[in-house]
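K.L.:
The following block contains the structure, expressed as structure tokens.
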Amino acid sequence: MNPTTLTDQLSLFLDVLEAGSFSAAARRHPLTPSAVARRIDSLESAVGSRLFLRSTHAVLPTPAGTAFAERARRIVRELQLARAEAVSLSHAPEGLIRVDAPAAFGRRHLAPAIADFLTVYPGLDVHLHLIDSFVDMQGEHLGKVDLVLRAGHIVDTRLIATPLASIVRIACASPAYLKNRGTPTHPSQLNEHDGLDWEGLAPMFAWRFELDGRKNTYRPQRIRMSANNAEALLSGALAGLGIAHLPTWLASEYLVRGELMPLFCENGLPNAESAGIYALRLEQHANARSRLLLEYLKSRFSPIPPWDLALQSGWG
């Protein structure tokens, strides 16, 4: 098995583990659920051990699967880094990469990653353009830039999408708010609380919670503040105005420090959304410079994003 095939096989295994079903994992790849099942069968045969217990309701890891996952994550990360390093040593890439990304994610996660990338590749330069939109899945700036980062469902078949990170969303509030108003123990109790919500078009999975295998919408009755920007909602939550339903890439550091308290997370992080964070491009084959950056970002943000690993470690 060549390194690329091994990386793809292990990444698929980790997606099944994280998503909890073959169908959810299939949505992250150009595969059908039956194809995912066959690939997991093949991996189990190669490993010589059962990695998942399967039922009509869920796919759960066996003890062997849980242990295998820890090594699989390290293997995937090392293979991705080794491949990027090998390309760096065999070539001396030069030139400009133009990247268009949402401002909040760009400031918090993308800019530090690009700074490290440019240290590894001193012949490359990056023009990073940060914009307010995170959900423009049409990639309207493509052609002017090489890569566009967006979050959501891919709907434009002209675009080539590279998954970079999954999205997990957590209901959270400040300790002061919860002390004053009480802590809801079930999403259905949100209607008794104040909230912070999106103005206009909300993200697809905002205020949706998975209970008993089904997703239901629960939201606060009174909205103390609405905004078209997630960072504004974060500020309101930190100020104790109410409960917000925020992506972990935005809220993780505040949850780790205890400035925000997670709700409905007794069993750990909620499942990742079927949508994710993608790098979009027009051409089937990206130029060598863009491929290097894509591989670097994939190694940085997947299979489990560092902001979710920080939460898992803090709650473990």
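What the sequence shown shows, in this note's numbering, is residues -14 to 301, in sequence order.
By construction, the Cβ of each residue, glycine as well, lies at the ideal position given by its N, Cα and C atoms.
Remember, predicted model here, so these are calculated numbers, not experimental data.
(1) So the beta strand (DSSP E) Trp183 belongs to, where does it begin and stop?
(2) If you compare alpha carbons, which of Ala88, Leu196, Pro232 and Trp300 is closest to His42?
(3) DSSP state of Thr147, grouped into three classes?
(4) Name the residue from Thr170, Leu115 and Ile116 whose alpha carbon lies nearest to the alpha carbon of Ala156.
(5) Would you identify the three-state DSSP class for Val61, choosing helix, strand or coil?
(6) By the DSSP assignment, the beta strand (DSSP E) with Gly261 in it spans what residues?
(7) Note down, in chain order, each residue of its chain lying with its Cβ closer than 7 Å to the Cβ of Val130, except the 5 sequence neighbours on either side.
(8) With a Cβ-Cβ cutoff of 8 Å, do Arg266 and Ile99 count as a contact?
(9) Please list, in chain order, all residues of the same chain as Gly299 whose beta carbon is under 7 Å from its beta carbon, the five residues on each side excluded.
(10) Whose CA, out of Pro15, Leu149 and Tyr281, lies closest to the CA of Pro290?
(11) Would you list the residues sitting across from Ala222 in a DSSP beta bridge?
(12) For Asp85, which three-state DSSP category applies?
(13) If contacts are defined as beta-carbon pairs under 8 Å, then Ile152 and Ile228 qualify, I think. What distance do you get, rounded to the angstrom?
(14) What first and last residue would you give for the alpha helix (DSSP H) that runs through Leu186?
(15) Let me know the secondary structure DSSP gives Arg154 once reduced to three states.
(16) What does DSSP give as the partner residues of Ala212 in its beta bridges?
(17) Output the distance between the C-alpha atoms of Ala96 and Ala89, rounded to the nearest integer angstrom.
(18) Give the DSSP-derived three-state secondary structure of Phe249 in the structure shown.
(19) For Ser220, decide whether its Cβ has a neighbour in chain B, counting only Cβ atoms nearer than 8 Å.
(20) Could you check which residue in Asn272, Phe249 and Leu282 has the C-alpha nearest to that of Ser304?
(21) Figure out for me which residue from Ser(-4), Gly33 and Ser34 has the closest Cα to the Cα of Val21.
(22) Can you round the beta-carbon distance between Leu38 and Glu29 to whole angstroms, since I take them to be within the 8 Å contact cut?
(23) Roughly how many whole angstroms lie between the Cα atoms of Asp121 and Arg135?
(24) Does Lys283 pass the burial test, meaning 16 or more other C-beta atoms within 10 Å, or should it be called exposed?
(25) Taking Cβ to Cβ, would you say Ala257 is nearer than 8 Å to Leu245?
(26) Is Leu36 helix, strand or coil when you go by DSSP?
(27) Tell me the rounded alpha-carbon separation between Arg199 and Arg193.
(28) Can you tell me the Cβ-Cβ gap for Arg209 and Gly180, rounded? I've got them flagged as a contact below 8 Å.
P.N.:
In terms of the structure at hand:
(1) The residue given as residue 183 occupies position 198 in the sequence shown. Run containing Trp183: Asp179 to Trp183, per the beta strand (DSSP E) assignment.
(2) On the sequence shown, residue 42 is found 57 positions in, with the first residue counted as 1. Of the candidates Ala88, Leu196, Pro232 and Trp300, the one whose C-alpha sits nearest the C-alpha of His42 is Leu196.
(3) Position 162 of the sequence shown, counted from the start, is the residue given in the question as residue 147. Strand at Thr147.
(4) Taking the sequence shown and counting its residues from 1, one reaches residue 156 at position 171. Distances from the alpha-carbon of Ala156 to those of Thr170, Leu115 and Ile116 put Thr170 closest.
(5) In the sequence shown, residue 61 corresponds to position 76, counting from 1. In the displayed model, Val61 falls within a helix according to three-state DSSP.
(6) Taking the sequence shown and counting its residues from 1, one reaches residue 261 at position 276. Per DSSP, Gly261 belongs to the beta strand (DSSP E) from Gly261 to Arg266.
(7) Against the sequence shown, residue 130 aligns to sequence position 145. Here the set comprises Arg83, Val84, Asp85 and His114.
(8) Reading the sequence shown from its first residue, position 281 is the one you call residue 266. Reading the sequence shown from its first residue, position 114 is the one you call residue 99. No. Outside cutoff.
(9) Stepping through the sequence shown from its first residue, residue 299 is reached at position 314. Result list for Gly299: Val241, in chain order.
(10) Position 305 of the sequence shown, counted from the start, is the residue given in the question as residue 290. Per the C-alpha coordinates, the member of Pro15, Leu149 and Tyr281 positioned closest to Pro290 is Leu149.
(11) Working through the sequence shown from its first residue, we reach residue 222 at position 237. The partner list for Ala222 (beta bridge, DSSP) is empty, contrary to what the question assumes.
(12) Along the sequence shown, read from residue 1 onward, the residue named residue 85 stands at position 100. Strand at Asp85.
(13) Walking along the sequence shown from the start, residue 152 turns up at place 167. Walking along the sequence shown from the start, residue 228 turns up at place 243. That belief does not hold up - the Cβ atoms of Ile152 and Ile228 are roughly 19 Å apart, past 8 Å.
(14) As a first step, residue 186 is located in the sequence shown; it is residue number 201 there, counting from the start. That residue, Leu186, is in no alpha helix (DSSP H); it is neither H nor E in DSSP.
(15) Residue mapping note: residue 154 aligns to position 169 of the sequence shown, counting from 1. Reduced to three states, the DSSP call for Arg154 is strand.
(16) Walking along the sequence shown from the start, residue 212 turns up at place 227. Note: Ala212 sits in a beta bridge opposite Trp183.
(17) By 1-based counting over the sequence shown, the position of residue 96 is 111. By 1-based counting over the sequence shown, the position of residue 89 is 104. Cα-Cα distance, rounded: 10 Å.
(18) Here the question's residue 249 lines up with position 264 in the sequence shown. Residue state, collapsed to three classes: coil.
(19) In the structure shown, chain B cannot be found, because there is only a single protein chain.
(20) Nothing about residue 304 can be reported from this structure: the residues present for the chain run from -14 to 301 only.
(21) On the sequence shown, position 36 is the one that residue 21 refers to. If you compare the alpha carbons of Ser(-4), Gly33 and Ser34 with that of Val21, the shortest gap goes to Ser(-4).
(22) Here residue 38 is taken as the residue at index 53 of the sequence shown, counted from 1. Here residue 29 is taken as the residue at index 44 of the sequence shown, counted from 1. Actually they are not in contact, since the Cβ atoms of Leu38 and Glu29 sit about 12 Å apart, beyond 8 Å.
(23) Working through the sequence shown from its first residue, we reach residue 121 at position 136. Working through the sequence shown from its first residue, we reach residue 135 at position 150. Its pLDDT being 48, under 50, Asp121 is placed unreliably in this model, and the coordinates cannot settle the point.
(24) By one-based count along the sequence shown, residue 283 stands at place 298. When all chains shown are included, Lys283 counts as buried.
(25) Within the sequence shown, numbered from 1, the residue matching residue 257 stands at position 272. Within the sequence shown, numbered from 1, the residue matching residue 245 stands at position 260. Their beta carbons are not under 8 Å apart, which means Ala257 does not touch Leu245 by this criterion.
(26) Counted from its first residue, the sequence shown places residue 36 at position 51. The DSSP-derived three-state label of Leu36 is coil.
(27) What you label residue 199 is simply residue 214 of the sequence shown in a count that begins at 1. What you label residue 193 is simply residue 208 of the sequence shown in a count that begins at 1. Counting only the Cα atoms, Arg193 lies some 10 Å from Arg199.
(28) Looking up residue 209 in the sequence shown gives position 224. Looking up residue 180 in the sequence shown gives position 195. Beta-carbon to beta-carbon, Arg209 and Gly180 are separated by about 7 Å, close enough to satisfy the 8 Å threshold.
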